[in-house]
Amino acid sequence: MGALDSGPEAAGLRAVPGEPGAVRAVLDPDHTWFREHVVRGRRILPGVVWLELAFRGLDLVHPGARVHGVADGAWLRPVPGDEPLDLVLRFRVAPDGRTAGYTIDNHGLRCGLGTLQLTPQDRPPSVPTAVRDRIAEDSRSHFTRREIYTEFAAMGIDYGPHFRRISYVQRLGQASLALLTGNDGIRLEPVPLLDCAFQAGMAISIGEHRDSLMPFSLGQLVVHRPPAFPLPSAFVLTEKHSPFRTGCTVYDDGYEPLLSVFDLGVKPAR
262 MGALDSGPEA
272 AGLRAVPGEP
282 GAVRAVLDPD
292 HTWFREHVVR
302 GRRILPGVVW
312 LELAFRGLDL
322 VHPGARVHGV
332 ADGAWLRPVP
342 GDEPLDLVLR
352 FRVAPDGRTA
362 GYTIDNHGLR
372 CGLGTLQLTP
382 QDRPPSVPTA
392 VRDRIAEDSR
402 SHFTRREIYT
412 EFAAMGIDYG
422 PHFRRISYVQ
432 RLGQASLALL
442 TGNDGIRLEP
452 VPLLDCAFQA
462 GMAISIGEHR
472 DSLMPFSLGQ
482 LVVHRPPAFP
492 LPSAFVLTEK
502 HSPFRTGCTV
512 YDDGYEPLLS
522 VFDLGVKPAR
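Letter by letter, the sequence shown follows residues 262 to 531 in the working numbering.
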């Protein structure tokens, strides 16, 4: 699996002349990723885009590289869309070829980092289908798309149609089942898929607090099976391990696992 996103909304990436392993990301301030992701009144680049840029950037500087996961990811500072950008990604492949470290800087300030895993990661789904079965049997808490995004707006995050892919969420305790769809003409591509998978963790907390949450750290993301985009639909099973740490697994519509997130840390947006 090289790039996650090859659709028309993908960012432009260019090699940095004279700097091997470096890539500049070209994003218009009016790009969908900014325009439809507004946090406390500011256009902010979604955290999942950073993962997308890392996947695609590695494919540019090391053609044919196959990414099977991400480890030790961190989001250090937000990237706003209301000021000029100078996003540069730098990659360093380990001598054994098993991993590639990456950093993301904006105007020379470190914004994010992580390690791309270039060999298969043999881990079971972070949230098994047994959780789905418990939710289906006992859940009495159900939120529609309208209810979910109204609550998110009250938390301070206004999503445009591109990122409103959750059709419903069922909750049971600290677990949830979400259905993501692209049946309204907006394709279910990698960036909205991952962002909505992260959103499902916030949905567990509806009614508990009104903080807008942003990703802060990522233990590991594992690609179980490369998705064939665009997807018609997907299910997300999520478990909240503490107020600010969750795990989730994205399944296709036949409940085959596509990818899992282990130990996603979030924090209130500032």
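Even for Gly, the Cβ is constructed at its ideal location relative to N, Cα and C.
Out of P278, R296, E280, V284, which one is the CA nearest neighbour of H541?
This structure leaves residue 541 out entirely; the chain is present only between 262 and 531.
*Could you give the residue range of the beta strand (DSSP E) that holds A286?*
283-287
Check your understanding: Taking the alpha carbon of T499 as the point to measure from, which residue in D320, G358, D333, L455 has its own alpha carbon closest?
Key -> L455
* Minimum length 4: unbroken alpha helix (DSSP H) runs contained in the region 369-444 -> 390-399, 406-416
For A395, which residues from the same chain have a beta carbon less than 8 Å from its beta carbon, with the 5 sequence-adjacent residues on both sides left out? First, the amino acid is wrong: residue 395 is Arg here, not Ala. Here the set comprises L433, A436.
Q. Which partner residues of T293 appear in the DSSP bridge assignment?
A. BP columns for T293 are empty, so no partner.
Worksheet entry | Cβ-Cβ distance between L321 and V284 below 7 Å | yes
In chain order, what residues of the same chain have a beta carbon less than 6 Å from the beta carbon of G342, not counting five sequence neighbours either side?
-> P290, F295, R304
Given this structure, state the Cα-to-Cα distance separating H403 from R393, to the nearest angstrom.
14 Å
What distance in whole Å lies between the Cβ atoms of S478 and L449, which are believed to be in contact at a cut-off of 8 Å? Not quite, the Cβ-Cβ distance comes to about 26 Å (not below 8 Å), so this is no contact.
task = Ignore the nearest five residues each way along the sequence and tell me which others in A414's own chain have a CB closer than 7 Å to its CB.
result = none
Open item on the list: Checking the sheet assignment: what are the DSSP bridge partners for W366?
Closed with: Note that residue 366 is Asp in the sequence shown, not Trp. Answer is V349, R371, bridged to D366.
Residue from T360, I447, T510, G318 whose Cα sits closest to the Cα of P281: G318
Practice problem: Name the two residues that bound the continuous alpha helix (DSSP H) containing G308. | Solution: 308-322
Checklist entry - Got a sec? Which residues, its chain only, sit under 7 Å from D560 by beta carbon, not counting five neighbours each side? => result Because the chain in this structure spans residues 262 to 531, residue 560 falls outside the shown range and cannot be described.
Exercise for review: Quickly, what does DSSP pair Q481 with across the bridge? List them, please.
Suggested key: A332, F523
Next on the checklist: Measuring alpha carbon to alpha carbon, tell me which residue in I465, V331, D366, A361 is nearest L346.
Outcome noted: D366
- Task: Please state if the CB of L482 and the CB of V522 are separated by a distance shorter than 7 Å.
- Result: yes
| field | D445 versus R426, D514, H485, P451, residue with shortest Cα-Cα distance | value | R426
### Message
So, under 8 Å CB-CB, P386 and P518 are touching, yes? Tell me the CB distance rounded to an integer number of Å.
### Response
5 Å
Requested in this report: Identify, in the order they occur along the chain, each residue of the same chain with its Cβ nearer than 8 Å to the Cβ of V484, setting aside the five sequence neighbours on each side.
Outcome: M262, V328, H329, G330, Q382, L519, L520
inquiry  = The alpha helix (DSSP H) that contains L455, what's its start and end?
reply    = 451-464
I need the boundaries of the beta strand (DSSP E) containing R506, first residue and last residue. 506-512
Flag this pair as yes or no: are the beta carbons of L441 and Y429 separated by less than 7 Å? no
Is DSSP giving E270 helix, strand or coil here? Note that E270 scores 44 on pLDDT, short of 50, meaning its location in the model is unreliable; the coordinates nonetheless yield the value given after this. Here E270 sits in coil by DSSP.
What number of angstroms, rounded off, separates the C-alpha of V299 from the C-alpha of F459?
16 Å
| message | I need the straight-line Cα distance from F352 to R301, nearest angstrom please. | response | 32 Å
Taking C-alpha atoms, which residue in P487, L288, A464 lies nearest to E344?
L288
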